[in-house]
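Here's the structure, in structure tokens; my notes come after.
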Amino acid sequence: MKAYLVLDLSVNDLGGFRKYIAEIPAFIAKHSGKYIVQGVQPTTIEGDWKPERMVIIEFPEREKAEAFLSDPEIQDLFKVRHDTTTSKLVLADGCT
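Those letters in the sequence shown? Residues 7 to 102, by my numbering.
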């Protein structure tokens with residue numbers, strides 16, 4: 007079953023965030039992931055959720071997404087995102 011990482015983020019330091027933008031695609035590919043939505047400005051239709059930027063990454067299975075999140079080589083890059091953005095991240099399983 008496919009799994010999706012959904013990231014809602016506001017960039018606070020674009021200069022510092024550029025490292026993440028440049029390097030994260032290789033790690034996504036390493037874990038068989040692919041962008042479904044990449045850094046777009048979404049349109050809120052209902053409710054008070056107002057994400058500034060949205061990213062959705064699809065993985066062929068949950069285990070690949072979890073391996074991506076726990077990959078020791080990527081942790082410093084995640085710290086860059088944490089230090090340069092305000093973000094929320096969820097992992098959701100797809101439908102069968």
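Here a beta-carbon is modelled for each residue, glycine too, at the ideal position from N, C-alpha and C.
Subject >> Span of the alpha helix (DSSP H), counted from its first residue to its last, around Glu64 >> reply: From DSSP, Glu64 is part of no alpha helix (DSSP H) but of the beta strand (DSSP E) over 59-65.
Original post:
Among His37, Arg68, Arg87, Glu79, which one has its Cα closest to the Cα of Leu98?
Top reply: The amino acid at residue 98 is misidentified as Leu; the sequence shows Ala. Out of His37, Arg68, Arg87, Glu79, Arg68 has the C-alpha closest to the C-alpha of Ala98.
Subject >> Beta carbon of Ile34 nearer than 9 Å to that of Ile62 >> reply: Not closer than 9 Å, so no.
**OP:** Please look up how many angstroms separate the CB atoms of Ser16 and Thr91, rounded, as I've assumed it's under 8 Å.
**Re:** Confirmed, about 6 Å.
Original post:
Mind checking Gly39: buried by the 16 CB within 10 Å criterion, or exposed?
Top reply: Result: buried.
Original post:
Measuring CB to CB, does Leu95 end up less than 9 Å from Asp14?
Top reply: When the beta-carbon positions are compared, Leu95 and Asp14 come within less than 9 Å of each other.
Original post:
Rounded to a whole number of angstroms, what is the C-alpha to C-alpha distance between Ser93 and Pro78?
Top reply: Near 20 Å, if we compare the C-alpha coordinates of Pro78 and Ser93.
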